[in-house]
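Participant: Protein chains in written order, with the numbering used here: chain R, 1 to 104; chain C, 1001 to 1645; chain X, 2001 to 2172. Cβ atoms here follow ideal geometry from the backbone N, Cα and C, with glycine treated the same way.
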Amino acid sequence: MSEIPLEHLLMLSTALFFIGAYGFLTRRNMIAMLMSLELMLNSVNINFIVFNKYLFPDTIEGLGFTIFIIAIAAAEAAVAIAIIINLYRNTKNIDAENADHLKH
Amino acid sequence: MSLATTIQLIVLLPLGSFLLLGIFGRKYLSSLSGMIGTTSLLVSAILSIQTAYQYFFLNTAGSFEKIIAWKMTWLTFSEGVSIDMGILVDPISVMMLVVVTVVSLMVHVYSLGYMKGDERFATYYSFLSLFTFSMLGLVIAVNIFQIYMFWELVGVSSFLLIGYYFEKPSAVAASKKAFIVTRFADLGFLIGILILGFEAKTLDFVTLIERLTTSNSPYLVSATTASFLGASALTWGLLLVFMGGAGKSAMFPLHIWLPDAMEGPTPVSALIHAATMVVAGVFLVARLFPIFSISCPGALEVVMWTGVISALFAALIACTQTDIKRVLAYSTMSQIGYMMFALGVSGYGNEAGLGFTASMFHLFTHAFFKALLFLGAGAVIHYIHSNEMKDMGGLRKSMPITHITFLIACLAIAGIPPFAGFFSKEEILTAAHHANPMVYYIALLTAGITAFYMFRLYYNIFWSKEAKTAHHDDDHHGEGTWSMKIPLLILSVGAIAAGFIPFGSFVSSDGHPLHIPFEISAAILPVIIAVSGIALATLFYKTENDRPDKLSASFQGIYKTAYHKFYIDEIYLFITKKIVFNLIAQPSAWVDKNIIDGSMNGLASLVVWKSNLIKSIQSGKVQDYALYFFLAAFGITALTIYLVN
Amino acid sequence: MSASAIAFYCIAAFILIAGILTVTTKKLFRAAIWLLFSLIGIAALFFWMEVEFAAAVQVIVYVGGIVVLIIFSIFLTNQEGVNMPSALKKRSLFSGLAVVSAAAYTCTLLCSHYWMKGSEEVFDPSVKKIGYLLVANTPESFVLPFELVSVLLLAAMIGCIVIAMKAQPESK
Chain R
1 MSEIPLEHLL MLSTALFFIG AYGFLTRRNM IAMLMSLELM LNSVNINFIV
51 FNKYLFPDTI EGLGFTIFII AIAAAEAAVA IAIIINLYRN TKNIDAENAD
101 HLKH
Chain C
1001 MSLATTIQLI VLLPLGSFLL LGIFGRKYLS SLSGMIGTTS LLVSAILSIQ
1051 TAYQYFFLNT AGSFEKIIAW KMTWLTFSEG VSIDMGILVD PISVMMLVVV
1101 TVVSLMVHVY SLGYMKGDER FATYYSFLSL FTFSMLGLVI AVNIFQIYMF
1151 WELVGVSSFL LIGYYFEKPS AVAASKKAFI VTRFADLGFL IGILILGFEA
1201 KTLDFVTLIE RLTTSNSPYL VSATTASFLG ASALTWGLLL VFMGGAGKSA
1251 MFPLHIWLPD AMEGPTPVSA LIHAATMVVA GVFLVARLFP IFSISCPGAL
1301 EVVMWTGVIS ALFAALIACT QTDIKRVLAY STMSQIGYMM FALGVSGYGN
1351 EAGLGFTASM FHLFTHAFFK ALLFLGAGAV IHYIHSNEMK DMGGLRKSMP
1401 ITHITFLIAC LAIAGIPPFA GFFSKEEILT AAHHANPMVY YIALLTAGIT
1451 AFYMFRLYYN IFWSKEAKTA HHDDDHHGEG TWSMKIPLLI LSVGAIAAGF
1501 IPFGSFVSSD GHPLHIPFEI SAAILPVIIA VSGIALATLF YKTENDRPDK
1551 LSASFQGIYK TAYHKFYIDE IYLFITKKIV FNLIAQPSAW VDKNIIDGSM
1601 NGLASLVVWK SNLIKSIQSG KVQDYALYFF LAAFGITALT IYLVN
Chain X
2001 MSASAIAFYC IAAFILIAGI LTVTTKKLFR AAIWLLFSLI GIAALFFWME
2051 VEFAAAVQVI VYVGGIVVLI IFSIFLTNQE GVNMPSALKK RSLFSGLAVV
2101 SAAAYTCTLL CSHYWMKGSE EVFDPSVKKI GYLLVANTPE SFVLPFELVS
2151 VLLLAAMIGC IVIAMKAQPE SK
């Protein structure tokens, strides 16, 4: 595996991050936006582990951060889904374009 | 009860009645409103007569001082200059209290019958109460600004009452006309107040008069030395104040609103446009009389000539009018002209102050007989349902009480002894005779014309065509209710007896009793003139004949001009519509619309355009915000890296 | 090219294709399945990097937890069969441009940057070491963050219940 340069791994995570960002910006369904967010978080996880393994193999702090991120991502997903469901219950609509009541 | 409390009560009772009727009248007190208004006025009237009795008869000092019974500072501008509210008691204010409350009481009682069944009965009474309150506040004013405020309140209540029948377009137009003309005059009044207040450094009447009449006082010196357009500041101030007075008192050339004001209910005309409000101008000049007389005789001369011209001018017009209320309106204007020039010919103090006393005396007597005339005319109009002379005639049998009282009032105004008008008019003429022969002869001529037109009116209503109106269904209300007849009787007592009051002992220019000798010789000429005027009217109008037509045909030019009120209204219209409108109003409107508004609108639309651009960023869509956030984060990152490298 | 490298490029392609399909497919339920594949790909990547613990956690929490949660929420909001509304043209255009330029910029940065050489030690992410890292009684360990995350998870759970709970009708 050492013949794979660090840059390629980083490009993978970059590509995944911006795919997630694109999805977050264009998807109108809130659940789909949440999924895009998960992709972005995962690309960050990849980064942590890659840096840890390639640049600081003597420690495992990057891995520890990955674990924390996964835990927090789970909490975030749960809260976001609760909000989405509550919104759906009130408006029968989870289109982000229509969720602009606060403006008025 | 102390003097202050009594007078406060006199003034505040009508205010209370106004508030009560104005707020609750229409819904809850509709049927009671007349009684409420009348009762409060009755109390006021009794209290003011009692005040007058105390002030005039229980006075042991030998002269009548100005007493400030009560005063509170309402608004202070600077040291010494403040607007105060208070009660100033002196002979003329006490006299005016009596006149206003008594005439107002009569009108209240009369209206019980006259306005019966009117839909807005309570509103009518609340307006009457408002007027009475304002007029009382005006006469007791201690401060020139207090008088100004009540002056405007009087104007408002006059406006409301002229426009009382607001469903009639002519009444609306008349009320607007009255308001605008008097407002215009009040502009002058306000400027005059400011000039006087600036020069004397006070707005308080007593101090103001003292400072501006003491010779060599620094205030007087500065007021007379500062000059503008060839007249001193004092003259300008007094003339502008007089302009306000002339507007309210319908003096030539600001009289045009008064005839139109007859669109209001007739009792209102009797109260406001004959007996009380229109003499406010005379009262104002009388209030400031020491300043006029001692420090600025030039302004007093203007007052005199305005009065004389108005008196003659109005008398001439009155001869040609056919609407009985308009005849009375012009006669009011003519009589106020008498009061004005009586002030104008008067000097200050002792014998020279005869004109002042005469003017106030005439104001007093005039209130009675003119209110009587209007109320009588009201009864006639109530009976005939028309204001036009040609619809009347031969009413002396069907309206005996009205007939007799109207005759008394006519004799009084014509100046036939021993009725009230004779005494007051005789005093005025004597004063004029001493001061200025020219004025005297014009006044004498006017007296003759007055007798003529009053009896023209009288004959046209009660004689002339024999009982032509017998067809009228007079069984349905006859002459009117007793509430209408009693005020007529009471006022006719006043019109007969008021002349015998030794007025000079109570009211004089400097407060010292003035003994006025009665000279038979001086009275002969006026009486002869008046009697000949009556005789002429009898000849023309007692029975129906063609002499009036022949007369008017032979003087066609003058007749037509007078009939059209000397085209004063047309001149005003020409000035306002053609000259002011085209030359001043339209260009300034253009400038206002295009340049001032234009630049402001341009600025505003620029801002709107720009802010719409900015506003579109704030779409309320989460993903738009996320995109901005993303771009900004990207931009900041790139910028930071670029700067670091 | 070794088998390991081929495996890496296959895994990378799988992750990216699945990711792209996640953000572009029309049906929400399919998007969830593509997300699932993408996350499994990432787990595979972790295996490939010999970080087995991370891979296991990835599978357990993401694949087994979060994706299931998302699928539940799709069912709860009745979005499983419908086509999602397509994105606004203008916003897609701007987002695409922004994302592509940002990605290109980041890649050029990555390539131009000099990465310092790491130490020669062998990377050893054993569970024992992870356990020491997280809860050992040493100054270097992450005990406090660990406890904080546990409190956070509890708070999130309670918050979810409160938010998603059906509002009780105002009872007497």
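Leaving out five residues before and five after Ile1068/C in sequence, what residues of the same chain have Cβ atoms less than 8 angstroms from its Cβ?
Facilitator: Taken in chain order, the residues that qualify are Gly1086, Ile1087, Leu1088, Val1089, Val1142 and Val1206.
Participant: Let me see if you follow: with CB-CB separation under 8 angstroms, is Ser2086/X close to chain C or not?
Facilitator: Not an interface residue.
Participant: Pull up the DSSP beta-bridge partners for Phe966/C, would you.
Facilitator: Given that chain C is displayed from residue 1001 to residue 1645, the structure contains no residue 966/C and the question cannot be resolved.
Participant: Are at least three pairs of beta-carbons, each pair with one atom in the segment 1389–1406 of chain C and one in the segment 1433–1446 of chain C, less than 8 angstroms apart?
Facilitator: In short, these stretches do not touch, since the Cβ pair count stays below three.
Participant: Assign Trp1482/C to buried or exposed, taking buried as 16 or more other Cβ atoms, counted over all protein chains shown, within 10 Å of its Cβ.
Facilitator: Exposed: under 16 other Cβ atoms inside 10 Å.
Participant: Taking the straight line between their C-alpha atoms, what separation do you get for Ile1617/C and Ile19/R?
Facilitator: Looking at the two C-alpha atoms, the distance is approximately 25 angstroms.
Participant: Going by DSSP, name the residue or residues bridged to Val1081/C.
Facilitator: Val1081/C pairs with Ser1078/C.
Participant: Measuring CB to CB, does Gln1146/C end up less than 8 angstroms from Ile1049/C?
Facilitator: Not a contact, by the Cβ cut-off of 8 angstroms.
Participant: Any C-beta of chain X within less than 8 angstroms: which residues of the segment 1610–1637 of chain C qualify?
Facilitator: The residues in question are Gln1623, Asp1624, Leu1627, Phe1630, Leu1631 and Phe1634.
Participant: With DSSP collapsed to three states, give me the class of Asn29/R.
Facilitator: Residue state, collapsed to three classes: strand.
Participant: Would you mind sorting Arg1547/C into buried or exposed? The rule is 16 or more other CB atoms within 10 Å of its CB.
Facilitator: Exposed, since its Cβ has fewer than 16 Cβ neighbours within 10 Å.
Participant: Can you have a look at Tyr1567/C and say buried or exposed, based on whether 16 or more other CB atoms are within 10 angstroms of its CB?
Facilitator: When all chains shown are included, Tyr1567/C counts as exposed.
Participant: With DSSP as the reference, label Met1399/C as helix, strand or coil.
Facilitator: In this structure, Met1399/C counts as coil in the three-state DSSP scheme.
Participant: How many Å lie between Met2157/X and Lys2089/X at the Cα?
Facilitator: For Met2157/X and Lys2089/X, the distance between alpha carbons rounds to 38 angstroms.
Participant: When you check each C-beta in the segment 86–102 of chain R against every C-beta of chain C, which residues fall closer than 9 angstroms?
Facilitator: Against chain C - using a Cβ distance shorter than 9 angstroms - the residues of the segment 86–102 of chain R are Ala96, Glu97, Ala99, Asp100, His101 and Leu102.
Participant: Just to confirm my understanding: we take Val1100/C, look at its own chain, exclude 5 residues before and 5 after, and list those with CB closer than 7 angstroms. What are they?
Facilitator: Cβ neighbours of Val1100/C beyond the five flanking positions: Thr1132, Met1135, Leu1136, Val1139 and Thr1276.
Participant: Starting from Asn47/R, find everything on chain X with Cβ-Cβ shorter than 7 angstroms and list it in chain order.
Facilitator: The premise fails here: Asn47/R is roughly 11 angstroms from chain X at the closest Cβ pair, so nothing lies under 7 angstroms.
Participant: Could you spell out where the alpha helix (DSSP H) holding Asp1260/C opens and where it closes?
Facilitator: First-last of the alpha helix (DSSP H) with Asp1260/C: Trp1257 to Asp1260.
Participant: Relative to the C-alpha of Ser1505/C, which candidate in Gly1025/C, Phe1057/C and Gly1034/C has its C-alpha closest?
Facilitator: Ser1505/C has its Cα closest to that of Phe1057/C, out of Gly1025/C, Phe1057/C and Gly1034/C.
Participant: Have a look at Gly1247/C, Ser1269/C, Val1221/C and Phe1198/C and flag the residue whose alpha-carbon is nearest the alpha-carbon of Gly1237/C.
Facilitator: When each option's Cα is compared against that of Gly1237/C, the closest is Phe1198/C.
Participant: Taking CB distances under 8 angstroms as the criterion, tell me whether Ala2104/X reaches chain D.
Facilitator: Chain labels in this structure do not include chain D; the protein chains are R, C and X.
Participant: Checking the sheet assignment: what are the DSSP bridge partners for Asp1204/C?
Facilitator: Answer by DSSP bridge pairing, in chain order: Asn1143/C.
Participant: Here's the rule: buried if 16 or more other CB atoms are within 10 angstroms of the residue's CB, otherwise exposed. What is Tyr2114/X?
Facilitator: Flag for Tyr2114/X reads exposed.
Participant: Interface residues of chain R around Cys2107/X at Cβ under 9 angstroms?
Facilitator: Chain R residues near Cys2107/X: Glu7, Leu10, Met11, Thr14 and Ala15.
Participant: Are the CB atoms of Phe1064/C and Gly1421/C within a distance shorter than 8 angstroms?
Facilitator: The answer is no: Cβ separation not under 8 angstroms.
Participant: Inspect the beta-carbon positions of Leu1491/C and Met1096/C and report whether they are closer than 8 angstroms.
Facilitator: No, the Cβ-Cβ distance between Leu1491/C and Met1096/C is not below 8 angstroms.
Participant: With a CB to CB cut of under 6 angstroms and the five nearest residues on each side skipped, what residues in its chain are close to Met1251/C?
Facilitator: Same-chain partners within the cutoff: Thr1306 and Ser1310.
Participant: Note the first and the last residue of the continuous alpha helix (DSSP H) segment covering Val1426/C.
Facilitator: In the sequence on display, residue 1426/C carries Glu and not Val. Per DSSP, Glu1426/C belongs to the alpha helix (DSSP H) from Ala1420 to Ala1435.
Participant: Apart from the five residues on each side of it in sequence, which residues of its chain come closer than 7 angstroms, Cβ to Cβ, to Thr1182/C?
Facilitator: Contacts found: Gly1155, Gly1247, Lys1248 and Trp1257.
Participant: Cβ closer than 9 angstroms: which chain C residues qualify as neighbours of Ala2098/X?
Facilitator: Those within 9 angstroms of Ala2098/X in chain C are Leu1627, Phe1630, Leu1631 and Phe1634.
Participant: Using a 10 Å radius around the Cβ and a threshold of 16 neighbouring Cβ atoms, would you call Gly23/R buried or exposed?
Facilitator: It is buried - the Cβ of Gly23/R has at least 16 other Cβ atoms within 10 Å.
Participant: Which residues bound the alpha helix (DSSP H) around Trp2048/X?
Facilitator: It spans Leu2028 to Trp2048 - the alpha helix (DSSP H) in which Trp2048/X sits, taken as one unbroken run.
Participant: For a contact defined as C-beta to C-beta under 7 angstroms, what are the partners of Pro2145/X on chain R?
Facilitator: Those are Phe68, listed as they occur along chain R.
Participant: I'd like to know if Phe24/R contacts chain C, where contact means its C-beta is closer than 8 angstroms to some C-beta of that chain.
Facilitator: So, interface residue.
Participant: I'd like the list of long-range same chain contacts for Phe1368/C, defined as Cβ closer than 7 angstroms, with 5 residues on each side in sequence excluded.
Facilitator: So the list reads Ala1420, Leu1491, Gly1494, Ala1495 and Ala1498, once near-sequence residues are dropped.
Participant: When DSSP builds the beta bridges, which residues end up paired with Asp1090/C?
Facilitator: DSSP output for Asp1090/C lists no bridge partner at all.
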